[in-house]
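Each position in the sequence shown, counted from 1, maps to that position plus 793 in my numbering.
Don't be surprised by glycine CBs; every beta carbon is placed ideally from N, CA and C.
Shown next, in structure tokens, is the structure this report addresses.
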Amino acid sequence: MGVQLRLVSFGGSGSRAGVVCRDGTIIDVSDFISGGRGEISGALRRIIENWSELDPKLRELESMGGGQRFGSVVLSPPISDPTKIVAAPVNYIDHMEEMHQLSHIDSLGVFLKAPSSLIGHGGTVRLPYHNRRFDQEGELCFVVGKVARHVKVEEAGDYIFGYSVLLDITMRGGEDRSTRKSFDTFTPMGPWIVTADEVGAIDDLELRCWVNGDLRQNAKISDLIWGVPELLAYVSSVMTLYPGDVISTGTPKGVGPIGNGDEIVAEVSQIGRLSVTVSNDGATFSVTRGGTTGPVPPTDEE
794 MGVQLRLVSF GGSGSRAGVV CRDGTIIDVS DFISGGRGEI SGALRRIIEN
844 WSELDPKLRE LESMGGGQRF GSVVLSPPIS DPTKIVAAPV NYIDHMEEMH
894 QLSHIDSLGV FLKAPSSLIG HGGTVRLPYH NRRFDQEGEL CFVVGKVARH
944 VKVEEAGDYI FGYSVLLDIT MRGGEDRSTR KSFDTFTPMG PWIVTADEVG
994 AIDDLELRCW VNGDLRQNAK ISDLIWGVPE LLAYVSSVMT LYPGDVISTG
1044 TPKGVGPIGN GDEIVAEVSQ IGRLSVTVSN DGATFSVTRG GTTGPVPPTD
1094 EE
């Protein structure tokens, strides 16, 4: 496999897009889509919408190098303004077992996360409450490349623009999934998008997640109950998908509590490594009473 094309967003609210070059630098490509104006809302999403025209130009730039140092740029989530983030609940058998659940995605369908919950690589997850448990969930996600509605499983690959790494930060309890998973900063994503043609066989990928250097999650993407094609086909039967929409594939066994000062690292082989820190600065106390209800998460004794 050759050098991957990796696309990033940076600037306020992802207003600039860049290509990660072979020398590790980032070249700002915002002018290609803004008519020379530089910053533009949803820069990378606009690249996706005009991909057939921009693809050869960006690949040429990627081979040149000489851009900004990667570490000097504050990354935004690759897609800062998707129309929706769709997530798969209980899409690994071992996660169903550790959560003491009797059903999985076949019965549950999918749920939505608020786009406003997105943050980028190097960002901070801010826990809202002192008196609730919060867990990490490492996941592979993919980005839709064109309008999709009622897509067949065998045609799903034609609608996938690329792949990234996502953390589905979760408050445990009995509240609705979208409530427990949509707090601001609860969807770290990044560090970049790798275009689908550069990834190869998805089933060969492996997902790992560490908290403070301790490996918590280690799974093969082939262990998904609904694979990527099946997931896209199902979601497109429920709702119209648009370029830049994000679909996350679910988390395997190994979820666990996170707290103030923790560092979370999620990695998918051939895709990238996403890192964030955790803070409880400004946390208050939960006004809902779901903390003692809902699925039972694993404990240290299990």
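Sequence-distant residues of the same chain with beta carbon closer than 8 angstroms to residue i, five excluded per side
i: T1033; result: V940, A941, R942
i: H923; result: N1073, A1076, T1077, F1078
i: R965; result: R925, R926, F927, D928, R973, G1084, G1087, P1088, P1090
i: V866; result: V801, F803, G811, I819
i: M794; result: Confidence at M794 is low in this model, with a pLDDT of 46, below 50, so its placement is unreliable and no value can be given for it.
Close Cβ partners of residue i (< 6 angstroms) along its chain, the five nearest in sequence each way excluded
i: I962; result: V918, F979
i: P1091; result: E891
i: T988; result: L798, G955
i: K1013; result: E999
i: S971; result: F904, L905
Test item: CB-CB of residue i and residue j under 7 angstroms
i: P758; j: I1040; result: This structure does not reach residue 758, given that the chain is present from 794 up to 1095, and the question cannot be answered.
i: C814; j: G860; result: yes
i: M841; j: F927; result: Reading off the sequence shown, one finds Ile at residue 841, where the question assumed Met. Not in contact: I841 and F927 (Cβ atoms no closer than 7 angstroms).
i: V1028; j: V883; result: no
i: V801; j: L868; result: yes
i: G1083; j: E968; result: yes
i: N1005; j: E1056; result: yes
i: G1049; j: I872; result: no
i: L854; j: I820; result: yes
i: V1069; j: W1003; result: no
Minimum C-alpha distance to residue i - residue among the options
i: S1015; options: L847, L998, V944; result: L998
i: L847; options: V1089, D996, L798, F976; result: L798
i: R1009; options: V1021, Y952, T1044; result: T1044
i: I898; options: S802, P984, V944, L1024; result: L1024
i: P875; options: S806, L868, V1031; result: S806
i: F803; options: K945, P870, G1006; result: P870
i: D977; options: V937, K906, E890; result: K906
i: W844; options: S896, I820, V937; result: V937
i: V1061; options: G1054, W1019, L1000; result: L1000
i: F863; options: D887, E853, A810; result: A810
i: D1007; options: G1047, V1071, A1026, W1019; result: G1047
i: A881; options: P921, F904, I986; result: F904
i: S756; options: G1054, K877, I1018; result: For residue 756 there is no data in the structure shown, the boundaries of the chain being 794 and 1095.
i: I995; options: G1020, K877, P849; result: G1020
Buried versus exposed, by CB contacts within 10 Å (16 or more), residue i
i: E947; result: exposed
i: T1042; result: buried
i: G993; result: exposed
i: V944; result: buried
i: G916; result: buried
i: V1141; result: In the structure as shown, the chain starts at 794 and stops at 1095, and residue 1141 therefore has no counterpart that could be examined.
i: S896; result: exposed
i: S909; result: exposed
i: H893; result: exposed
i: S975; result: buried
Nearest-angstrom Cβ-Cβ length linking residue i and residue j, presumed shorter than 8 angstroms
i: I1064; j: Y952; result: Incorrect: roughly 18 angstroms between the Cβ atoms, too far for contact.
i: V958; j: L1067; result: 4 angstroms
i: H914; j: G983; result: 4 angstroms
i: V1080; j: I1051; result: Their Cβ separation, rounded to whole angstroms, is 21 angstroms, which puts V1080 and I1051 out of contact at 8 angstroms.
i: P1022; j: G950; result: 7 angstroms
Contact set for residue i: own chain, Cβ-Cβ below 7 angstroms, skip 5 residues either direction
i: G858; result: C814, R815, D816, T818
i: I833; result: S808, S823, I826, S827, R839
i: A1026; result: V944, K945, V946, A949
i: S856; result: R815
i: M889; result: V883, H897
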